[in-house]
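There are 2 protein chains.
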Amino acid sequence: MKKISITEKTKVKRLPKRGIYDFESIVKILDDSFVCHIGFVIDDQPFVIPTCYGRKKDKIYFHGYVGSRMLRHLKTDSGICVTVTNVEGIVLARSAFHHSINYRSVVIFGKADEITDPVEKTNALKIISEQILTGRWNDVRKPNEKELKQTSVFSIKLDEASAKVREGGPVDEDNDMGLNIWAGVLPLETVAKLPVKDKALKKDISMPEYIKEYKKRG
Amino acid sequence: MKKISITEKTKVKRLPKRGIYDFESIVKILDDSFVCHIGFVIDDQPFVIPTCYGRKKDKIYFHGYVGSRMLRHLKTDSGICVTVTNVEGIVLARSAFHHSINYRSVVIFGKADEITDPVEKTNALKIISEQILTGRWNDVRKPNEKELKQTSVFSIKLDEASAKVREGGPVDEDNDMGLNIWAGVLPLETVAKLPVKDKALKKDISMPEYIKEYKKRG
Chain C
1 MKKISITEKT KVKRLPKRGI YDFESIVKIL DDSFVCHIGF VIDDQPFVIP
51 TCYGRKKDKI YFHGYVGSRM LRHLKTDSGI CVTVTNVEGI VLARSAFHHS
101 INYRSVVIFG KADEITDPVE KTNALKIISE QILTGRWNDV RKPNEKELKQ
151 TSVFSIKLDE ASAKVREGGP VDEDNDMGLN IWAGVLPLET VAKLPVKDKA
201 LKKDISMPEY IKEYKKRG
Chain P
1 MKKISITEKT KVKRLPKRGI YDFESIVKIL DDSFVCHIGF VIDDQPFVIP
51 TCYGRKKDKI YFHGYVGSRM LRHLKTDSGI CVTVTNVEGI VLARSAFHHS
101 INYRSVVIFG KADEITDPVE KTNALKIISE QILTGRWNDV RKPNEKELKQ
151 TSVFSIKLDE ASAKVREGGP VDEDNDMGLN IWAGVLPLET VAKLPVKDKA
201 LKKDISMPEY IKEYKKRG
């Protein structure tokens, strides 16, 4: 099993038993979502911006408008932090103190590499698209030269990364076990509701199976 | 309507029509979630850590273990960024380029103020608890002195904040409207699944209504 090296930044300090450093576990968490939060610093001020991503092999890909503050900043080769968080339940203990959240999260540190070659860029956009909705890319009109020029695409390697996972039921103090308080877990799940077709949708276009059968990642 | 002043940091630059700066709209988005991502900087390196929060009046409250890296760092009075993102749907356009995500997000900049008074601290913990699961606080065993000492609680004011919202269907190029491609929105929603009771739950404790009738914020 591929291990990712543990560094001072990625080592889980609070509740270290929740720390996970093997590549397969990290990838599984990343593959169950498509929205990350990217942290970057301009003049000592941190910014945290949500964006979509796709994962392939040992890289995360993300994109945006070429003129966006974040993507312009990433060209300066400064260190960033990419965090993915899957919230999976509310842990209800007998004491307020032992309440918790069940979650699986990944934190990645590194520098973002810009992808400029049009073929590689298009491939990266396909990876992002397929992460959000597998099967969609084949159906749609692909990016043209003008659209590619308006889009910046970056990747970050899963070199310095760690995961943190909390699962299972509440852990209460022995003294509290006799209290008449309901305890357990309220699991949360993100689901798709009925698709809403575009008002201008042409007649006789049926809904693709990959939309009908969508299972949310995360 | 209370307006929050627009600063260079909070001004929405990319797609400015998506920018929202009034207090009520920002609060509505914050009240529909309970997980934020906090960005902070140590030695030029950004960190992005997910955590729970509660909102009351013009403040966000969050807490954690007193020894955690993040909370220890917040005592240094450095600038942070708190981001809340509610993902609400996948926008399926006819071209890859015009695919998008429907979302409502808030970004807050500022410094975190530590709350040390035990009564204020307990009130802040109640605000966080009630944001996660309204009705829970009344039922549970409240924090004792030892537990309060193990917990750091911070607030951040909604002084420098903005929201960004994308809603509605796809916006395609005129040239693409004739393509035989299904277009529309796949709405996403986070829902509660059946609660799982603790294995050690005493008999004859019925599940409270606020758990049965839980509606996820966000």
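One line per chain: the protein sequences are C and P, in this order.
Residues 1 to 218 (my numbering) are what the first sequence spells out, left to right.
Residues 1 to 218 (my numbering) are what the second sequence spells out, left to right.
Glycine included, every Cβ here is placed at the ideal spot set by N, Cα and C.
Closer than 8 angstroms to chain P by CB, residue i
| i | result |
| --- | --- |
| C/E147 | yes |
| C/V87 | yes |
| C/T7 | no |
| C/D77 | no |
| C/Y214 | yes |
| C/L30 | no |
| C/G169 | yes |
| C/I26 | no |
| C/I90 | yes |
Simplified DSSP state of residue i, which is helix, strand or coil
| i | result |
| --- | --- |
| C/F219 | Within the shown structure, residues of chain C are numbered from 1 to 218, placing residue 219 of chain C beyond reach of any answer. |
| C/N86 | strand |
| C/S162 | strand |
| P/L133 | coil |
| C/E114 | strand |
| C/N144 | coil |
| P/L125 | helix |
| P/K149 | helix |
| C/I211 | helix |
| P/N175 | helix |
| P/S206 | coil |
| P/I4 | coil |
| P/N102 | strand |
| P/E120 | helix |
| P/G218 | Its pLDDT being 43, under 50, P/G218 is placed unreliably in this model, and the value from its coordinates should be taken loosely. Here P/G218 sits in coil by DSSP. |
Minimum Cβ-Cβ distance from residue i to chain C less than 8 angstroms
| i | result |
| --- | --- |
| P/D198 | yes |
| P/H73 | no |
| P/Q131 | no |
| P/F40 | yes |
| P/K142 | yes |
| P/L186 | yes |
| P/M1 | Because P/M1 carries a pLDDT of 46, less than 50, the predicted location of this residue cannot be relied on, and the following value inherits that uncertainty. Closer than 8 angstroms: no. |
| P/H63 | no |
| P/I261 | Outside the modelled stretch of chain P, which goes from 1 to 218, sits residue 261 of chain P, for which no answer is possible. |
| P/D117 | no |
| P/A96 | yes |
| P/A112 | no |
| P/R18 | no |
| P/T190 | yes |
| P/K202 | yes |
| P/A183 | yes |
| P/N180 | yes |
| P/R136 | yes |
| P/F109 | yes |
Inter-residue CB distance, residue i and residue j (contact presumed, cutoff 8 angstroms)
| i | j | result |
| --- | --- | --- |
| P/V12 | P/S162 | 6 angstroms |
| C/H132 | P/I115 | According to the sequence as given, residue 132 of chain C is Ile; it is not His. Their Cβ separation, rounded to whole angstroms, is 39 angstroms, which puts C/I132 and P/I115 out of contact at 8 angstroms. |
| P/L205 | C/W182 | For clarity, residue 205 of chain P is Ile in the given sequence; the question names Leu instead. Correct: roughly 5 angstroms between the Cβ atoms. |
| C/G39 | P/G39 | 4 angstroms |
| P/Y210 | P/G135 | 3 angstroms |
| P/S95 | P/D198 | At roughly 50 angstroms, the Cβ-Cβ gap does not stay under 8 angstroms, so P/S95 and P/D198 are not in contact. |
| P/V107 | C/V41 | Not confirmed; about 15 angstroms, so no contact. |
| C/V191 | P/V196 | Wrong, their Cβ atoms sit about 18 angstroms apart, outside the cutoff. |
CB contact flag (residue i, residue j, <8 angstroms)
| i | j | result |
| --- | --- | --- |
| P/A93 | P/P187 | no |
| C/I29 | C/N86 | yes |
| P/A124 | P/V165 | no |
| P/R141 | C/L179 | yes |
| P/I127 | P/G54 | yes |
| P/G255 | C/D44 | With chain P covering only 1 through 218, there is no way to say anything about residue 255 of chain P. |
| P/V48 | C/C81 | yes |
| P/S155 | P/Y61 | yes |
| C/F97 | P/P143 | yes |
| P/K9 | P/E160 | yes |
| C/Q150 | C/V66 | yes |
| P/H37 | C/H37 | yes |
| C/L148 | C/A112 | no |
| C/F226 | C/I4 | This structure gives no information on residue 226 of chain C, because the portion of chain C shown stretches from 1 to 218. |
| C/P46 | P/P50 | no |
Residue i Cβ short of 7 angstroms to the ligand MN heavy atom set
| i | result |
| --- | --- |
| C/D204 | This structure lacks the ligand MN, and indeed carries no ligand of any kind. |
Considering only residues of the stretch 9-93 of chain C, which uninterrupted alpha helix (DSSP H) runs meet the minimum length of 4 residues and lie entirely inside it, listed in chain order? Whole alpha helix (DSSP H) segments, 4+ residues: 23-31 and 69-74.
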